[in-house]
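One structure is given below, encoded as structure tokens.
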Amino acid sequence: RYDHPLEKVREAVHLLNRTLPFTTPLSYSEKEIRQGERLATIFSEIYQKTVEEIADTINLVSEHIPARRERRLHIGLFGYSRGIGQKRLPRAIGFTAALYSLGIPPELIALGRGIQQAQAEGLEESLATFCRSLKEDVRQAGFYLNRENLRFLSSGNPAWEMISQDISIAETFFRMELGPVTIEHYLHRNIVSSIYFLLQENKNITPYLQDAAILRKSLG
1 RYDHPLEKVR
11 EAVHLLNRTL
21 PFTTPLSYSE
31 KEIRQGERLA
41 TIFSEIYQKT
51 VEEIADTINL
61 VSEHIPARRE
71 RRLHIGLFGY
81 SRGIGQKRLP
91 RAIGFTAALY
101 SLGIPPELIA
111 LGRGIQQAQA
121 EGLEESLATF
131 CRSLKEDVRQ
141 AGFYLNRENL
151 RFLSSGNPAW
161 EMISQDISIA
171 ETFFRMELGP
181 VTIEHYLHRN
191 IVSSIYFLLQ
201 ENKNITPYLQ
211 DAAILRKSLG
């Protein structure tokens, strides 16, 4: 509700009301639908396996997340449940907030490996068909990437290293470098670096989580 100025939101709503009645809904063939289902399977299997392996860290951070929050709308290929495999996880907002607060946007998890597998199965065109704004979504998520935190996390758990590989593959695929751009992005990077180090010392990180969320304009 607070991500954009009210007047701009009103203008956008008016534009949609004027143009949508004259648009044609997208239609997919049975073959395209099967390809889309296969893409969902590829990404979700890699994603779920990775999240299960990093669940302990996610849960550790989520314990410090305030109970009342604004939610960040997650755009992408994935959805969240309260558990994956043998691991319990926080609900969607806490899950997303924990990862963003470490500087690891959840949109990047499994992305590169999923792209590689899609290419291997000849589904690259289908990926573009079903995920039309994927490059921009990834770019936006990448503003909050903290590579230093990811390196530290990777030293203790190979699943984080696989996420690092996801990022490298995605950057090559989309021909762009992910990372902070604006002053707010760099301030966010600095705060989530503090969160990581304070977490190692069992310090209270809640104020830092809130400061980072203010810069993102959402918690999770």
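Read in this note's numbering, the sequence shown has 112 at position 112, and its numbers run on one by one without any break.
Think of the CB as a built atom: it goes at the ideal place given N, C-alpha and C, for glycine as much as any other residue.
Three-state secondary structure (DSSP) of R132: coil
Please state the DSSP three-state secondary structure of I191. helix
What would DSSP say about K84, mapped onto helix, strand or coil? For the sequence presented, residue 84 should be read as Ile rather than Lys. Looking at I84 - three-state DSSP - the assignment turns out to be strand.
In chain order, what residues of the same chain have a beta carbon less than 7 Å from the beta carbon of A159, not counting five sequence neighbours either side? T50, E53, I54
Helix, strand or coil at Y144 according to DSSP, with G and I counted as helix: coil
Do three or more CB pairs link the stretch 165-185 to the stretch 25-39 at distances below 8 Å? no
Spatial neighbours of S154 within its chain, please: C-beta separation below 7 Å, excluding the five flanking residues on both sides. W160, E161, S164
Whole angstroms is fine: what's the gap from Q48's alpha carbon to M176's? 26 Å
Would H4 be called buried (16 or more neighbouring beta carbons within 10 Å of its own) or exposed? exposed
Nonlocal neighbours in the same chain, by C-beta distance under 7 Å from A118, ignoring five residues either side: L39, I42, E124, L127
With distances taken Cα to Cα, identify the nearest neighbour of P66 among L26, F130, P207. P207
Excluding the five sequence neighbours on either side, which residues of its own chain have a C-beta within less than 6 Å of the C-beta of P106, listed in chain order? T96, L99
Give me, in chain order, the residues of the same chain whose beta-carbon lies closer than 6 Å to that of L77; leave out the 5 immediate sequence neighbours on both sides. At L77, the pLDDT of 41 sits below 50, so the modelled position is not reliable and the matter cannot be decided from this model.
Between which two residues does the alpha helix (DSSP H) carrying P158 extend? 158-174
Three-state secondary structure assigned by DSSP to V181: coil
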